[in-house]
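Below you'll find the structure, written out as structure tokens, and then a few comments.
Numbering (this note's numbering), first residue to last: 1021 to 1330.
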């Protein structure tokens, strides 16, 4: 499909439910082979209803649409509203649920749930591979400033040892220089075992790691070629040894969280991180390609009870 650069373009291209469903089907099954999404089936023979939206599997005799087994399944919202939400979430700083509700004509609660369903799907990469080559790794802390808290809730940092902040959530990130791609997630601890587990799960052995001087990274020295930049001496770049690129991503993340979402709870922070990672990694794509990328990840449904209990 041609590039969609404005909301008006989207509305013109998808004037009815049929055109939306046909676009979703063409993007979800981009190989041209539609398969039954129901569990224990996957058959590629089906009947097409005259409405151009519904299909019936010849193997299991169950009905399905392009929304079946996706984050849009069970939603009563018009498909164009979902597509508009996907377009708006790819904006440079994202969009709040209050603003999205106003823009597409739904309540803030509905918009909030809709956005979280999209964010939840963004962590599912269709062809996920481990990072390789030169990879910058770093961690950052997300949470309110101590000076803005009520005096009885302030944390005495003088009693805190190392780089542990009990009032903040730790986000760990990796930047692959060869591709300019980022991978980030919330981690529970910044200790050696936890960092080693995340690093070995996401980065191929033998890769070159660019890190700061935090002792938690020493556990991977035997697996990777680790180069260290000593921030404690106020050195931030020594030739190719630097973590400035991953720290640039932290700047995007924190500015977006503070400017658009204002307050994010630790409970849902990882979903917001998914959103910023996807937007950063698709920054060279046009709007249509970004929407297509979201749809290809949509085979992941999040129910409201699961979201509230997460």
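No residue lacks a Cβ here, since even glycine has one placed at the ideal position from N, Cα and C.
Based on DSSP bridge pairs, tell me the residues matched to residue i.
i: residue 1247; result: 1230
i: residue 1261; result: 1258
i: residue 1077; result: 1066
i: residue 1338; result: The shown model of the chain, from 1021 to 1330, leaves out residue 1338, and the question about it has no answer.
i: residue 1100; result: In DSSP, residue 1100 forms no bridge with anything.
i: residue 1151; result: 1223
Look up residue i in the DSSP assignment and say whether it is helix, strand or coil.
i: residue 1158; result: strand
i: residue 996; result: The shown model of the chain, from 1021 to 1330, leaves out residue 996, and the question about it has no answer.
i: residue 1289; result: helix
i: residue 1223; result: strand
i: residue 1093; result: coil
i: residue 1299; result: helix
i: residue 1282; result: coil
i: residue 1325; result: helix
i: residue 1316; result: helix
i: residue 1242; result: coil
i: residue 1143; result: coil
i: residue 1217; result: helix
i: residue 1163; result: coil
i: residue 1176; result: coil
Looking only at its chain, what residues have a beta carbon closer than 7 Å to the beta carbon of residue i, apart from the 5 residues adjacent to it on each side?
i: residue 1276; result: 1113, 1114 and 1296
i: residue 1195; result: 1155, 1156, 1202, 1265, 1266 and 1269
i: residue 1034; result: 1040, 1043, 1100 and 1103
i: residue 1219; result: 1157 and 1240
i: residue 1047; result: 1312, 1315 and 1316
i: residue 1322; result: 1091, 1136, 1137 and 1140
Note down, in chain order, each residue of its chain lying with its Cβ closer than 8 Å to the Cβ of residue i, except the 5 sequence neighbours on either side.
i: residue 1285; result: none
i: residue 1166; result: 1174, 1175, 1177 and 1187
i: residue 1062; result: 1055 and 1056
i: residue 1130; result: 1097 and 1121
i: residue 1058; result: 1077, 1080, 1082, 1084, 1088 and 1089
i: residue 1185; result: 1161, 1163, 1175 and 1177
i: residue 1038; result: 1071, 1072 and 1073
Which same chain residues, not among the five before or five after residue i, have their C-beta less than 6 Å away from its C-beta?
i: residue 1064; result: 1053 and 1055
i: residue 1224; result: 1150 and 1152
i: residue 1169; result: none
i: residue 1141; result: 1091, 1317, 1318 and 1320
Comparing the C-beta of residue i with each C-beta of chain E, is any distance below 8 Å?
i: residue 1161; result: Among the chains of the structure shown, chain E does not appear; only one protein chain is present.
Inset, instruction - Check whether the segment 1212-1221 touches the segment 1301-1317, counting contact only when three or more Cβ pairs, one atom from each stretch, lie closer than 8 Å. - result: no
Inset, instruction - Run through the segment 1178-1214 for me and flag every whole alpha helix (DSSP H) of 4 or more residues, listed as ranges in chain order. - result: none
Inset, instruction - Spell out a yes or no on whether the segment 1278-1289 and the segment 1051-1063 are touching, meaning 3 or more CB-CB pairs, one atom from each, closer than 8 Å. - result: no
Legend entry - Stretch pair the segment 1259-1278 + the segment 1152-1161: three plus CB contacts closer than 8 Å: yes
Inset, instruction - At 4 residues or longer, and completely inside the segment 1026-1064: list those alpha helix (DSSP H) runs for me, N to C. - result: 1027-1033 and 1037-1048
Inset, instruction - Would you be able to state if there are at least three C-beta pairs under 8 Å between the segment 1138-1155 and the segment 1219-1239? - result: yes
Legend entry - the segment 1074-1081 in contact with the segment 1247-1262 per 3-pair CB rule at 8 Å: no
Inset, instruction - Tell me, please, whether the segment 1133-1148 touches the segment 1238-1251 by the rule of three or more beta-carbon pairs shorter than 8 Å. - result: no
Inset, instruction - Enumerate, from N- to C-terminal direction, the unbroken alpha helix (DSSP H) stretches of 4 or more residues contained entirely within the segment 1097-1138. - result: 1099-1109 and 1117-1124
Inset, instruction - Would you check if the segment 1289-1303 and the segment 1090-1104 touch, i.e. whether three or more CB-CB distances between them fall below 8 Å? - result: no
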